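If you use the UniProt record's numbering, the sequence shown corresponds to residues 1 to 217, in order.
Just so you know, even glycine gets a beta-carbon here, dropped at the ideal spot from N, CA and C.
None of the values given here were measured: they were computed from a predicted structure.
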Amino acid sequence: MTPGGPTADPPSAPGTSPAAGPDAGAGDGTVVMDERLRMVPADPAAYRAAHARAEAALAAARAGGGPVGFAPLRRVGVGRLVLGDPAGARGPLAEAVRCADTPRRRVAALVNLADAHRYDDGGPHRGPTGGAPGRARALSLYRRALRLARRACPELEHFALQHLGKHHLDADEPDRARPLLLAALRARRELGDAELIASTEAALARCGGPPAAPGAD
Numbered sequence: 001m002t003p004g005g006p007t008a009d010p011p012s013a014p015g016t017s018p019a020a021g022p023d024a025g026a027g028d029g030t031v032v033m034d035e036r037l038r039m040v041p042a043d044p045a046a047y048r049a050a051h052a053r054a055e056a057a058l059a060a061a062r063a064g065g066g067p068v069g070f071a072p073l074r075r076v077g078v079g080r081l082v083l084g085d086p087a088g089a090r091g092p093l094a095e096a097v098r099c100a101d102t103p104r105r106r107v108a109a110l111v112n113l114a115d116a117h118r119y120d121d122g123g124p125h126r127g128p129t130g131g132a133p134g135r136a137r138a139l140s141l142y143r144r145a146l147r148l149a150r151r152a153c154p155e156l157e158h159f160a161l162q163h164l165g166k167h168h169l170d171a172d173e174p175d176r177a178r179p180l181l182l183a184a185l186r187a188r189r190e191l192g193d194a195e196l197i198a199s200t201e202a203a204l205a206r207c208g209g210p211p212a213a214p215g216a217d
């Protein structure tokens, strides 16, 4: 999969993540999924080095006094999320949502921001809106992203479905997760992207029940 997923936008973080779709990025190292199907760096040292450069670039852009663009905001936000700081990720990702100049960019940033709320359920960087309030906020953002994708950029619908499905998995709601993930899987099989298909099948495996056969609803 090319950096940046199916969007033509600049990459968002120092790594790539097929399962994250719009979360894909570029630089040193790669993003992989942990046992909870959440983004983590494959090579933490390389990822941290690339992220430090992204942080420095954003700081320089802010110091310049001009408007800060979508790409550096999203890149830093996703980088913080991957490195285990979901509370710190929310600021730049919320800015990225506000300054997104296309529906594709807004969908991508909404999914990223929702992930930053969903991931905030423990750890040293937990913010004041983590836990149950964070899950509620994440659900609202995922639904907003899905509505926008369906209306304005249907090629990103499967990413919103995938992340919304994983949200319901985290909430121990497999019956709600499964139809969303099956819809994502159908779309990804049509695309023929093996990595995306595998990521959705991994999420479906956590739902229980029989595996989804090709063409299954």
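- By the 16-neighbour rule on beta-carbons within 10 angstroms, Glu95 is buried.
- With 16 or more other Cβ atoms from the protein chains shown falling within 10 Å of its own Cβ, Arg137 counts as buried.
- The stretch 22 to 78 contains, as complete alpha helix (DSSP H) runs of 4+ residues, the segments 44 to 63 (chain order).
- When C-beta atoms of the stretch 140 to 160 are compared with those of the stretch 100 to 115, three or more pairs fall below 8 Å, so the two segments count as touching.
- When only Cα atoms are considered, His168 and Ala152 end up about 24 Å apart.
- Of the candidates Leu110, Gly192 and Cys207, the residue whose Cα lies closest to the Cα of Arg74 is Leu110.
- Put simply, of Arg118, Leu93 and Ala114 the residue whose alpha carbon is nearest the alpha carbon of Ala171 is Arg118.
- For Glu155, there is no enclosing alpha helix (DSSP H), since its DSSP letter is neither H nor E.
- When secondary structure is reduced to three states using DSSP, Cys99 falls in the helix class.
- With contacts defined as CB atoms closer than 8 Å, Val107 and Ala160 qualify as a contacting pair.
- Judged by beta-carbon spacing, Arg189 lies within the 8 Å limit of Ile197, meaning their Cβ atoms are closer than that value.
- In the three-state DSSP reduction, Glu201 falls in the helix class (H, G or I).
- Around the beta carbon of Ser199, 16 or more other beta carbons sit within 10 angstroms, so the residue counts as buried.
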